[in-house]
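Here's the structure we're looking at; comments come further down.
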Amino acid sequence: MSFVSVRDVHQRYGGRPILERVNIEVEEGTFVSIVGASGCGKSTFLRLILAQEVPVRGEISVAGAPPAKEPDRDRGVVFQRYSVFPHMTVRDNVVAAESFGASRTGWFFGAQLRAARERADAVLERIGLGHMGSSYPAALSGGMQQRLAIGQALTARPRILLLDEPFGALDPGTRLSMHDFLSDMRAEANMTVFMVTHDLSEGFKLGDRVLVFDKVRWDPQAPEAYGATITYDIDARNGGIPFQTPAQLPEETHASQP
Amino acid sequence: MRLLNRKPGRVLALLLLILPFLAVLAAYTVGSEIRRAENPRDKLLPAPAAIMETAERLVTEPDRRSGRILFWNDTLVSLERLFIGVGIAAAIGLVFGVLIGLLPWVRATFDGFVGVVSMVPPLAILPILFIVFGLGEVSKVALIVIGVAPFLVRDLSQRVREIPLEQIIKAQTLGASSMVIGLRVAVPQVMPRLVQAVRLSLGPAWLFLIAAEAIASDAGLGYRIFLVRRYLAMDVILTYVVWITFLAFMMDYLLRTLSRRAFPWFREGEA
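Heads up: the sequence lines are chains A and B, in that order.
The numbers in my numbering rise by one with no breaks, and the one at position 82 of the first sequence is 82.
The numbers in my numbering rise by one with no breaks, and the one at position 147 of the second sequence is 147.
Shown next as structure tokens:
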């Protein structure tokens, strides 16, 4: 039984098919990049894993649990924008990752708050925002905001991390340093990650597996008649051969590996 | 250079700011002079000096019958009604606005209803309020609440719906319940919007207050204006109008300052 299991998932909006027959099994700790043209359902697929939407057919289960109906603490998420709370200081944004799920009102008080703030400061130190704790997110650069968003998401200790074009709004230099940052973070937590990106090289650089979404059936008279599915499932760590589960992978194919 | 690219300097800007006020004052003074040249006992446009005298008398001399200075008593009574009315309306606006904005079930139930209720002209139901609540304080406060609350509810629910969905989803992934999202994401983010909306609704609130006081009351700024109208006491009316304008302006100013201080993270659309 794999960690994330997507079985025969279909999704449609108002009768228009977006995704059809999506099947994939992902092991725990895998970094999955999702690429494809605009409007090919990448983000829809991510929303389905996030349980922000429920598929019209098929099911997605994480760690063998029954399919989720709404987002929960098992699924961390970072969007391209608006991922942090603008009305909270940088420190409180990290504290919120603990307090939102822990108390009825979402507030920590007294000793609990002080302890959480100390832990938050440690997190901020690690993500290079130690000096910005008392500022509001509006005072941060785009890259800093995304680092905060990732730090906040990881503080909640999700089982899978979902990234929807997290670096899409950043300039190329910042993007590169964010790649290193994300790799470091992931090395610490060994988390399962799904990342949607427009940038192919980014997908291959960061991902263990790269999923390509596209339409397999195409009707020129009705371009919207069919949905997209996974057309390529590439093993980015193994010379770009089609991905095979460890059981399928015979010993000899490793010979080509460096 | 294009007109729209020309900017006045700081001193000039200050002069320009004062100019319309001076112009109105000058126009009034001239008009007053002309009328009083024809009839020294003219009551319609009393001389500015006479108004100042009346104003001084109003704010210092106690009423012979009650022993209270009516001007301050009127101010106190009116402000109390206004604050209670606007306060209740703001509380209703915040609670229902957030609930309607956040919860589809509440929205499905109340969105249409509030939309219809907000179209009821408040002054048209003032007689009903007098009949139901009597001529006391309740009916006046109720008029302000009924006049202002629907606008606040609609505005606030709209503002809640404008909170990016990403934030609501993010909060859920951090384990937040509906209540936590309401208390920690929605309410704090619409608080500056609430202050903005209250500032906008102060105008209508004063209108409803003065209307209610004019019709049935025994104290209050609106009551006094409509009372002395019978004696053509323009000097009193003008003093009160200037005072009400000043009070309204100060409230707006204080709310704006409060918003800036209390919500330093809020910059967008600062007016």
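Where is the CB? At the ideal position from N, CA and C, for every residue including glycine.
This one's a predicted model, so the numbers in the text were calculated from it and none came from an experiment.
Quick one: residues in its chain with C-beta nearer than 6 Å to the C-beta of residue i, no 5 flanking neighbours on either side, listed in chain order?
i: A:L124; result: G130, G133
i: B:L238; result: I51
i: B:A13; result: none
i: A:A97; result: Q152, T155, A156
i: A:V212; result: V35, G36, T231, Y232
i: B:F226; result: A214
i: B:L45; result: G31, S32, R35
i: A:I150; result: V78
i: B:G85; result: V141, I144, V145
i: B:G220; result: D74, V77, S78, E213
i: B:L255; result: V195, R199
Tell me, which residues are paired with residue i by DSSP?
i: A:A228; result: A:L19
i: A:I160; result: A:R75, A:T192
i: A:F213; result: A:G36, A:I230
i: A:Y13; result: A:R16
i: A:D235; result: A:R209
i: A:F31; result: A:V193
i: A:I24; result: A:V6
i: A:P242; result: A:I234
Using a Cβ-Cβ cutoff of less than 7 Å, which residues in the same chain neighbour residue i once the five nearest sequence positions on both sides are dropped?
i: A:L50; result: P71, R75, V77, L162
i: A:E224; result: R16
i: A:L19; result: V9, H10, Q11, G41, T44, F45, G227, A228, T229
i: A:A120; result: R91, V94, V95
i: A:R73; result: G101, A156, P158
i: B:V160; result: G97, V98, G101, L102, A186, V190
i: B:L123; result: A211
i: A:S2; result: E25, V26, E27
i: A:W107; result: S99
i: B:A248; result: L202, W206
i: B:L292; result: The question about residue 292 of chain B has no answer here: the residues shown for chain B are numbered 1 through 271.
i: A:G128; result: R147
i: B:G182; result: V98, L102
Assign residue i to one of two classes, buried (16 or more other C-beta atoms within 10 Å of its C-beta) or exposed (fewer than that).
i: B:D74; result: buried
i: B:E213; result: buried
i: B:V138; result: exposed
i: B:Y276; result: With chain B running from 1 to 271 in the structure shown, residue 276 of chain B is simply not present.
i: A:Q146; result: buried
i: A:G29; result: exposed
i: A:D164; result: buried
i: A:R209; result: buried
i: B:M310; result: Outside the displayed range of chain B (1 to 271) lies residue 310 of chain B, so it cannot be described from this structure.
i: A:F194; result: buried
i: B:Y231; result: exposed
i: B:V24; result: exposed
i: B:W206; result: buried
i: B:F208; result: buried
i: B:I128; result: exposed
i: B:I163; result: buried
i: A:P275; result: Here chain A covers residues 1 to 258 and nothing more, so residue 275 of chain A does not appear.
i: B:R64; result: exposed
i: A:T192; result: buried
i: B:F71; result: buried
i: A:P258; result: Reliability fails at A:P258, whose pLDDT of 42 lies under 50, so the model's placement of it is uncertain and the value that follows must be treated cautiously. It is exposed - the Cβ of A:P258 has fewer than 16 other Cβ atoms within 10 Å.
i: B:V132; result: exposed
i: A:R104; result: exposed
Check whether the Cβ of residue i lies closer than 6 Å to any heavy atom of the ligand ATP, and answer yes or no.
i: A:V56; result: Among the ligands in the structure shown, none appear at all, so the ligand ATP cannot be discussed.
Among the residues of its own chain, which have a CB less than 8 Å from the CB of residue i, if the five just before and after it don't count?
i: B:V228; result: V236, I237
i: A:P67; result: A51, V54, E59, I60, S61
i: A:A116; result: V95, E98, S99, F108
i: B:G115; result: R154
i: A:K69; result: A51, V54
i: A:W218; result: Y226
i: B:G222; result: S78, L209, I210, A211, A212, E213, A214
Three or more C-beta pairs below 8 Å linking the stretch 23–43 of chain A and the stretch 1–12 of chain A
yes
Whole alpha helix (DSSP H) elements within the stretch 43–75 of chain B, 4-residue minimum
48–60
Is the stretch 64–83 of chain A close to the stretch 167–175 of chain B, with three or more CB pairs under 8 Å?
yes
Secondary structure, alpha helix (DSSP H): runs of 4+ residues fully inside the stretch 54–124 of chain A
90–102
Quick check on the DSSP output: what are the complete alpha helix (DSSP H) runs of length 4 or more inside the stretch 130–216 of chain B, in order along the chain?
137–161, 165–173, 187–215
Are the stretch 108–117 of chain B and the stretch 148–162 of chain B in contact at 8 Å, needing three or more beta carbon pairs?
yes
The stretch 134–147 of chain A in contact with the stretch 102–113 of chain A per 3-pair CB rule at 8 Å:
no
Is the stretch 89–98 of chain B close to the stretch 179–198 of chain B, with three or more CB pairs under 8 Å?
yes
List in chain order: all unbroken alpha helix (DSSP H) runs of 4+ residues lying wholly within the stretch 88–130 of chain B.
104–117
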